[in-house]
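In UniProt numbering, the protein residues as written are 1 to 494.
Since the structure comes first, as structure tokens, the remarks are kept for the end.
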Ligand code: SF4
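Written out as structure tokens, the structure reads:
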């Protein structure tokens, strides 16, 4: 289940920067289709897209943004391109033919994409098969008849022979030489922001290994987060902090966009953040301290996401409001400077790395405990550090927060990433706040975070498919949900 590519804070957890409802649908699909386009030689005349009926995508590819992302990727666009909603129209205008088919392709992962792309000028047709691993991460596991393992973190060169044989060389600057009867070469460009340096050595890959290096009561978690991401990406501290600043600025822009009011046709909920702010301003709400600001920011950000504004998937698009809204509301309420804000948010990023290394962010794999559960644990650790807490307290807060939501299922209403997603992001903020305060007050989380993640993974494995983002169970199949779905799709057969 976990990716074999070592997780990175900016590849896996605080990113991608994107538009669309779901990172495992709309952002991952952009990356997969861009690689398929590169494989076709930089232009696609015809694309056959196949989804397995036993996976999640068979029932969600249209409504949760996979098609949107695939169209953009086939055009060579990025995941945050403002033209994203116009992708299908652009394909038609350029004469690109796209067929989408649901049929058995022997997929063993719930999020498998098979793309067969044709470039008529080159007389080339190739097949690329890839899985979306959650949070926008991907693995390409097949090119034509060749088994591969490409994560998009490095440039890959594919060489093809007259007999159909393929060879792949990975890495920037590798000596490229044609061999034997090889006729063609394609360059598959990097689609992840953080490259994997050659000879990568991670400083640690579990909480236990990390805390064996130094006393966690004597340093903040962000010290380890900086050390990890510097090693993971071959970066220095200023580069990591600069990227964190860029991510924070995008998050801040998304909140502002939501607070300014959003509109989008294919949407269930209206502008609830405006109503919340008005009720708050007029003293009609219970006194929640900084929690009411968190609710406002989380809601605004989720509304921006549902209106196709640019967001940061952190760790996923479905849970994008939780971490950003909670942390930036706390930073505002505490009047924190940039330095402590950015470092504290990095500590939440490291919690996400541990989730990615040991379990998964993908709702298709582990339900909503994978998305908002991870986001809540990340936010709890960050809040602790914002209050001056140490790494032991941040880890304790993350453990408590995740324990509180183990088993949370994914059952989107009307097959849209809006409800119960909004409520789960908001309650995740509340869970993060109380878990941080419990940890700061010395409550004993009892179960170390590594072990909570093992339970998280084991629960994911025993969760029925109907409750893992297939819209086949739970709230998704209530009469009201079905009626909303019919209304949104104009009476289609969904
Ligand atoms: S219910 Fe949770 S996991 Fe499912 S789409 Fe909504 S936020 Fe994501």
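For each residue, glycine too, the CB sits at the ideal point set by N, CA and C.
* So does residue 372 have its beta carbon nearer than 7 Å to some heavy atom of the ligand SF4? -> Yes.
* Hey, is the segment 274-283 in contact with the segment 317-324, meaning 3+ C-beta pairs nearer than 8 Å? -> no
* Nearest CA to the CA of residue 131: which residue from 16, 24, 341 and 476? -> 24
* To do: To the nearest angstrom, report how far apart residue 391 and residue 221 are at their CA atoms.
  => 4 Å
* Does the segment 294-304 come close enough to the segment 237-248 that 3 or more CB-CB pairs lie under 8 Å? -> no
* Would the C-beta of residue 266 count as close to the ligand SF4, meaning under 7 Å from any of its heavy atoms? -> no
* To do: Measure from the alpha carbon of residue 84 to the alpha carbon of each residue in 98, 67, 93 and 97, then state which is nearest.
  => 67
* Can you say whether residue 493 is buried or exposed, counting buried as having 16 or more other CB atoms within 10 angstroms of its CB? => Residue placement at residue 493 is flagged as unreliable, the pLDDT there being 45, under the threshold of 50; the coordinate-derived value follows with that caveat. With fewer than 16 Cβ atoms within 10 Å of its Cβ, residue 493 is classed as exposed.
* Candidates 457, 443, 183 and 291: which alpha carbon is nearest residue 373's? -> Sorting 457, 443, 183 and 291 by C-alpha distance to the C-alpha of residue 373 places 457 at the top.
* **Three-state secondary structure assigned by DSSP to residue 12** => Helix at residue 12.
* Asked: Is any heavy atom of the ligand SF4 found at a distance shorter than 7 Å from the C-beta of residue 376?
  -> no
* Asked: Under three-state DSSP, which class holds residue 85?
  -> helix
* **Neighbour-count burial assignment, residue 371, 16 or more Cβ in a 10 Å radius** => buried
* Asked: Going by C-alpha distance, which of 480, 478, 447 and 411 is nearest residue 463?
  -> 411
* In chain order, what residues of the same chain have a beta carbon less than 6 Å from the beta carbon of residue 6, not counting five sequence neighbours either side? -> Taking residue 6 as the centre and dropping the five residues before and after it, the same chain places the C-beta of 202 closer than 6 Å to its C-beta, in chain order.
* To do: Would you tell me roughly how many angstroms separate the C-alpha atoms of residue 341 and residue 16, rounded to the nearest one?
  => 20 Å
* Take residue 438 and list the residues in its own chain whose beta-carbon comes closer than 6 Å to its own, dropping the five residues that flank it on each side. => 400
* Asked: Once you ignore the five residues that flank residue 470 on each side, which residues in its own chain have a CB closer than 6 Å to its CB?
  -> 56 and 59
* Asked: Would you call the segment 30-47 and the segment 112-125 touching, i.e. three or more CB-CB distances under 8 Å?
  -> yes
* To do: Pick helix, strand or coil for residue 485, following the three-state DSSP scheme.
  => helix
* Answer yes if the segment 23-43 comes into contact with the segment 140-160, meaning at least three C-beta pairs across the two stretches below 8 Å, and no otherwise. => yes
* To do: Pull up the CB-CB distance for residue 348 and residue 316, whole angstroms please, since I reckon it's below 8 Å.
  => Contact doesn't hold; Cβ gap of about 14 Å is too wide.
* Taking only heavy atoms of the ligand SF4 into account, decide whether any of them is closer than 7 Å to the Cβ of residue 230. => no
* To do: Alpha carbon to alpha carbon, how far is residue 449 from residue 418? Give it in angstroms, no decimals.
  => 29 Å
* Per DSSP, residue 170 is paired with what? -> DSSP, once it has assigned bridges, lists 156 as partnering residue 170.
* With 16 as the cutoff for other CB atoms within 10 Å, does residue 229 come out buried or exposed? -> When all chains shown are included, residue 229 counts as buried.
* Closer than 7 Å: residue 69 CB and nearest the ligand SF4 heavy atom -> no
* **Cα-Cα separation, residue 72 to residue 367** => 27 Å
* When every heavy atom of the ligand SF4 is checked, does at least one fall within less than 7 Å of the C-beta of residue 85? -> Short note on residue 85: C-beta not closer than 7 Å to any heavy atom of the ligand SF4.
* Asked: Which same chain residues, not among the five before or five after residue 164, have their C-beta less than 8 Å away from its C-beta?
  -> 144 and 145
* Asked: What do you reckon, are the CB atoms on residue 168 and residue 151 nearer than 8 Å?
  -> no
* **residue 354 and residue 207 closer than 8 Å at C-beta** => Taking 8 Å as the cut-off, the Cβ atoms of residue 354 and residue 207 count as close.
* To do: Find the nearest neighbour of residue 33 within the set 413, 190 and 14, judged by alpha-carbon distance.
  => 190
* Helix, strand or coil for residue 18 per DSSP? -> strand
* Asked: Sorry if obvious, but does the Cβ on residue 340 come closer than 7 Å to a heavy atom of the ligand SF4?
  -> no
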